[in-house]
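Heads up: the protein sequence lines correspond to chains A and B, in order. Heads up, the first sequence is in full-length UniProt numbering, so the first residue is 1 and it goes up one at a time. Heads up, the second sequence is in full-length UniProt numbering, so the first residue is 1 and it goes up one at a time. Backbone N, C-alpha and C define an ideal beta-carbon position, used for all residues, glycine too. Down below is the structure, laid out as structure tokens.
Protein chains: 2
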Amino acid sequence: MSIEENTPEPDKTERMPLDIERVHALSEALLPVAEQIENNLPVEDETLSAKLVELIAVLHELHPADVAAVLESLPPKERSMVWHLASPEEDGEVLLEVSDAVRETLIESMDKEELLAAVDDLDADELAELAGDLPHQVVYEALQTRDAEERAQVQAAMSYEDDQVGAIMDFELVSIRADVACEVVLRYLRRFESLPDHTDKIFVVDENDVLQGVLPIRKLLVADPDELVENVMATDVVRFRPEDNVEEAAQAFERYDLVTAPVVDADKKLIGRITIDEMVDVIREESEADMLNMAGLQEEEDLFAPIWHSVRNRWVWLAVNLCTAFIASRVIGAFEGSIEKIVALAALMPIVAGIGGNSGNQTITMIVRAMAMGQISGVQARRLLKKEVGVALVNGLIWGTVMGVVSWLLYGSIGIGLVMVAAMTLNLLLAATVGVLIPVMMDKAGRDPALGSSVLITAVTDSGGFLIFLGLATMFLL
Amino acid sequence: MSIEENTPEPDKTERMPLDIERVHALSEALLPVAEQIENNLPVEDETLSAKLVELIAVLHELHPADVAAVLESLPPKERSMVWHLASPEEDGEVLLEVSDAVRETLIESMDKEELLAAVDDLDADELAELAGDLPHQVVYEALQTRDAEERAQVQAAMSYEDDQVGAIMDFELVSIRADVACEVVLRYLRRFESLPDHTDKIFVVDENDVLQGVLPIRKLLVADPDELVENVMATDVVRFRPEDNVEEAAQAFERYDLVTAPVVDADKKLIGRITIDEMVDVIREESEADMLNMAGLQEEEDLFAPIWHSVRNRWVWLAVNLCTAFIASRVIGAFEGSIEKIVALAALMPIVAGIGGNSGNQTITMIVRAMAMGQISGVQARRLLKKEVGVALVNGLIWGTVMGVVSWLLYGSIGIGLVMVAAMTLNLLLAATVGVLIPVMMDKAGRDPALGSSVLITAVTDSGGFLIFLGLATMFLL
């Protein structure tokens with residue numbers, strides 16, 4: 001992919017939009033003079049000075065989203081230096097693009113005047129998005145410079161939870177009446193200095209602002225100029241309420257290939273719109289959150305967060321893991337007598353536990369994914385259970401037999417081999433059953449089935465696996 | 001979210017777009033007469049007949065993407081019945097929306113005439129997308145009905161890999177010359193019957209089809225009608241080559257908030273465009289693939305796939321897991337003498353291995369994610385390693401001490417407690433080191449760092465944990 005400036009010699013100007021390696025190299029080279037740079041003191045060394053000029057040039061050509069990506073990827077000192085060098089007029093946009101963790105560090109490094117300047121150009125919805133992370137005094141003063149309508153919009157947007165449509169809707173939109181001709185609409189649009197980003201449709205409202213339909217630009221452009229809007233507009237409109245969940249909205253955008261959609265209040269009055277770029281962020285964040293949760297991280301973490309921050313972000317899941325490992329350990333402890341007599345059990349038991357955990361995670365991931373896509377209703381759970389138990393039985397018999405034969409050859413005891421086959425098959429059956437039941441029950445209880453499900457299933461298959469294997473061995477081998 | 005038809009009484013018509021529970025209930029109730037339905041025989045039973053009428057009505061009102069979601073969520077017999085009942089004119093769209101696994105089952109159930117009818121309305125790029133799954137004879141006959149240009153487009157699209165921009169670009173686009181007035185463009189557009197989906201910009205080309213810039217519709221609508229296109233168009237255009245990677249393209253769409261972007265060949269000639277709806281699918285599929293891979297599933301699986309299909313989809317990772325578990329088991333086997341003497345070791349060793357795996361997965365997930373966002377270059381690896389080792393040291397000392405004290409109290413031996421502290425700390429340090437190195441080395445080797453990284457790190461921390469703990473115990477406690 002390339003961004004190209006159109007110049008007389010277009011071949012010379014094709015360039016990659018962001019050469020992050022170069023930025024890293026430059027900022028590392030400038031680290032010794034970071035303090036001078038941040039205090040706006042001249043850099044004496046000629047080589048470094050040339051590098052500084054290059055870095056500034058690179059940064060000023062970057063899109064705010066690219067500046068954000070650079071900042072995310074830098075350790076604290078270099079991040080602070082690069083942030084100081086980036087174009088101040090883009091500060092607000094950059095703050096919107098970075099992750100929450102990095103945003104905090106950037107805002108901490110700015111004084112009140114810099115913050116006020118940064119948020120000055122932002123729309124009401126963007127200011128509302130940042131407001132939670134800004135000092136109260138800055139938010140207050142920033143609001144004073146806005147008119148009453150904008151203040152009300154900021155306050156409205158701030159009153160919704162992060163996962164509600166109201167928190168990400170924007171207020172820049174174009175609306176018209178149904179009883180005018182398309183020609184009139186075109187003339188009306190020409191009076192705007194610019195149209196809002198992503199304008200793919202114009203909203204049609206009545207005299208009370210109640211949404212009547214939408215006029216897609218695609219239709220407007222090909223319509224007969226004398227045709228009335230009401231004959232061209234679409235009326236089966238996907239619309240949202242500010243209380244709606246953003247993930248469900250994102251799914252609707254994905255399913256119906258939307259670019260923008262209206263947000264209406266309880267009286268069906270048009271109050272804002274949501275756009276695909278926000279929805280793409282929701283989809284990305286949702287899948288990242290699932291991934292982080294599965295790996296046992298509480299939230300998105302600044303790559304270069306201070307060690308203590310990282311420790312805090314990870315300790316909950318480590319603690320949970322220790323508790324479940326401790327329970328498994330006590331299960332083994334209960335069979336210490338058996339292990340003393342047949343020490344081979346100690347070596348074989350992690351195999352039984354491990355394959356159960358792996359297989360259980362396969363099942364639970366499939367179910368959680370299908371639930372996220374809204375594909376599972378109560379009727380299905382029973383059938384899915386039947387299928388997963390079938391898969392587990394086949395896998396258990398195949399892999400159990402493989403490991404059973406291996407253990408038999410290794411320890412010369414057919415009894416150990418048979419216990420291995422039985423224990424692996426039973427633990428896989430346990431994994432399949434619990435792998436279906438955990439997310440179904442979490443969903444019924446109104447909880448997010450992704451959260452912690454991997455830890456839960458591993459806990460069950462570990463303790464269960466040790467219990468089954470050591471129990472069978474104690475029964476049949478001693 | 002609601003879709004609303006505009007009628008005299010709008011309050012009565014607001015409805016949820018897809019009531020999947022209802023569809024599930026109806027299709028389950030109709031299961032006994034599924035055969036009659038599929039053979040178009042009348043259903044005698046009056047209750048069932050009423051349900052059939054309701055199901056058909058519901059299905060015919062659904063968007064093709066909703067029909068696809070319903071089909072994904074149904075077991076084979078009901079899926080086949082619902083597929084038979086869905087509007088045949090939407091068959092092609094539905095086939096495009098379902099997952100690969102379900103698409104196969106649907107195509108298998110259709111005869112040649114049905115398939116030809118289904119693909120008849122599709123655009124060239126859509127036909128190319130389905131072509132890989134269709135019988136050759138159907139593709140051949142479908143191509144015969146197209147003109148030479150479309151045939152060439154289908155063949156061009158089919159010549160690219162699934163992860164290349166060329167495979168998902170479409171050919172429906174509007175292009176103009178730079179030296180005409182905006183008024184002329186508006187008149188030209190009006191001659192179209194309809195504009196392509198997602199048209200947010202018009203492509204500006206010279207007489208050789210070389211891309212000069214783009215004219216955003218937003219700018220066209222507010223421009224002075226007499227102004228020339230070349231004075232209104234944007235020239236710093238994000239453009240792609242058909243060989244570009246789709247995930248990188250999706251990242252650019254996300255970063256620069258694009259709705260469509262041009263695709264050019266080596267001579268900078270405009271050959272197609274890519275649209276945000278395809279990019280959203282790429283983002284979703286990418287994150288799902290990561291999640292499935294982390295859980296040890298090879299590919300997206302049909303929820304109700306035959307057991308044998310599921311077994312095949314899961315066996316590779318189960319086999320890998322068994323191998324790594326076997327290695328860990330042999331490590332324990334080497335210390336059987338020590339375990340015979342102090343059987344408590346058998347109970348405590350899974351704790352050391354478990355916390356290492358958990359912590360290593362936290363580290364590796366952070367790194368893999370930062371790499372996917374293009375935030376890590378060579379320079380960073382060393383620093384990240386330093387930070388992760390610091391986090392591991394803190395966590396190891398804290399949790400190691402907790403478990404050390406617990407073991408001391410439990411087994412009355414301060415030696416066991418001290419070995420526990422040391423082993424947990426060392427295994428966490430190992431996990432941090434390997435958690436940084438594995439993805440960095442995989443990336444340098446040109447491989448996807450997400451693939452199998454979770455299995456690899458768990459293998460290292462399991463075997464390593466057993467080795468460290470049992471080794472220390474053998475050295476100091478015997």
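Hey, does Asp-209(B) have any beta-carbon neighbour from chain A nearer than 8 angstroms?
no
Would the beta-carbon of Ile-37(B) fall within 8 angstroms of that of Leu-26(B)?
no
Does the beta-carbon distance from Val-311(A) to Asn-245(B) come in below 8 angstroms?
no
Taking just the CA atoms, how far does Asp-170(A) sit from Thr-13(A)?
Note on Thr-13(A): pLDDT 31, under 50, position unreliable in the model; the coordinate value appears next. The straight-line gap from Cα to Cα measures roughly 36 angstroms.
Residues near His-84(A) in its chain [Cβ-Cβ closer than 7 angstroms; skip 5 each side]
Ile-37 and Glu-38
Whole angstroms are fine: how far does the CA of Gln-212(A) sit from the CA of Pro-8(B)?
Annotation note: pLDDT 36 at Pro-8(B) (below 50); position unreliable, coordinate value reported separately. Using only the alpha carbons, I get a separation of about 11 angstroms.
Identify whether Gln-153(A) lies in helix, strand or coil by the three-state DSSP scheme.
helix
Among Leu-393(A), Leu-221(A) and Met-110(A), nearest to Ser-194(B) - alpha-carbon criterion:
Leu-221(A)
Same chain, Cβ closer than 7 angstroms to Asp-277(B), neighbours up to 5 away in sequence not counted:
His-198
How big is the Cα-Cα spacing for Gln-251(B) and Gly-92(A)?
21 angstroms
Helix, strand or coil at Lys-268(A) according to DSSP, with G and I counted as helix
coil
Extent of the continuous alpha helix (DSSP H) to which Val-184(B) belongs:
182–190
In angstroms with no decimal places, state the Cα-to-Cα distance between Gln-375(A) and Phe-304(B).
12 angstroms
C-beta atoms of Cys-182(B) and Glu-129(B) nearer than 8 angstroms
no
Given that Thr-199(A) touches chain B, what residues does it touch there, using C-beta distances under 7 angstroms?
Arg-218
Can you look up Phe-304(A) in the DSSP assignment and give me helix, strand or coil?
coil
Endpoints, the beta strand (DSSP E) within which Asp-75(B) is located
With the sequence shown as reference, residue 75(B) is identified as Pro, and Asp is not the correct amino acid for it. Where Pro-75(B) is concerned, there is no enclosing beta strand (DSSP E), given that its DSSP letter is neither H nor E.
Residue ranges of each beta strand (DSSP E) within the region 297–367 of chain A, 3 or longer
none
Going by Cα to Cα distance, which pick from Leu-258(A), Met-291(A), Thr-260(A) and Phe-240(A) is closest to Asp-267(A)?
Phe-240(A)
Specify the secondary structure class of Thr-105(B) as computed by DSSP and reduced to three states.
helix
Hey, could you find the ends of the alpha helix (DSSP H) Pro-164(A) is sitting in?
Position check: residue 164(A) holds Gln in this sequence, whereas Pro was assumed. Careful: Gln-164(A) lies outside any alpha helix (DSSP H) and carries neither H nor E.
Whole angstroms is fine: what's the gap from Ala-295(B)'s alpha carbon to Phe-466(A)'s?
22 angstroms
Given a cut-off of 8 angstroms on the beta-carbon distance, is the pair Ile-414(A) and Leu-477(A) in contact?
no
Can you tell which of Thr-324(B), Ala-372(B) and Pro-216(B) has the C-alpha that lies nearest to the C-alpha of Gln-248(B)?
The sequence shown places Glu at residue 248(B), not Gln. The residue with the shortest Cα to Cα distance from Glu-248(B) is Ala-372(B).
Apply the 10 Å Cβ neighbour rule to Arg-447(A) and answer buried if 16 or more other Cβ atoms are within range, or exposed otherwise.
exposed
Expected contact under 8 angstroms - CB spacing of Ser-453(B) and Val-368(B) to nearest Å
6 angstroms
Proximal residues of chain A, C-beta to C-beta of Gly-296(B) below 9 angstroms
Asn-358, Ser-359, Asn-361, Gln-362 and Thr-365
Identify the contact partners of Trp-317(A) in chain B, using a Cβ-Cβ distance below 8 angstroms as the criterion.
Asn-358 and Gln-362
May I have a chain-ordered list of the alpha helix (DSSP H) segments no shorter than 4 residues that lie completely inside the region 433–478 of chain B?
453–477
First and last residue of the uninterrupted beta strand (DSSP E) at Gln-137(B):
It is not in any beta strand (DSSP E) - Gln-137(B) instead sits in the alpha helix (DSSP H) that spans 136–144.
Which of the three DSSP states, helix, strand or coil, is assigned to Met-16(A)?
Any answer about Met-16(A) is weak, because its pLDDT of 46 lies below 50 and its placement is not dependable; what the coordinates show is given next. The answer is coil: DSSP assigns Met-16(A) none of H, G, I, E or B.
7 angstroms Cβ cut-off: residues of chain A touching Ser-377(B):
Ile-20, Glu-21 and His-24
With distances taken between CB atoms, is the gap from Leu-345(B) to Leu-430(B) smaller than 8 angstroms?
no
Chain A beta carbons: is any one of them nearer than 8 angstroms to that of Ile-276(B)?
yes
Selection from Met-279(A), Pro-216(A) and Glu-243(A) that minimises the alpha carbon distance to Asp-236(A):
Pro-216(A)
Between the region 422–441 of chain A and chain E, which residues of the former have CB atoms less than 8 angstroms from a CB of the latter, in chain order?
Among the protein chains of the structure shown, namely A and B, there is no chain E.
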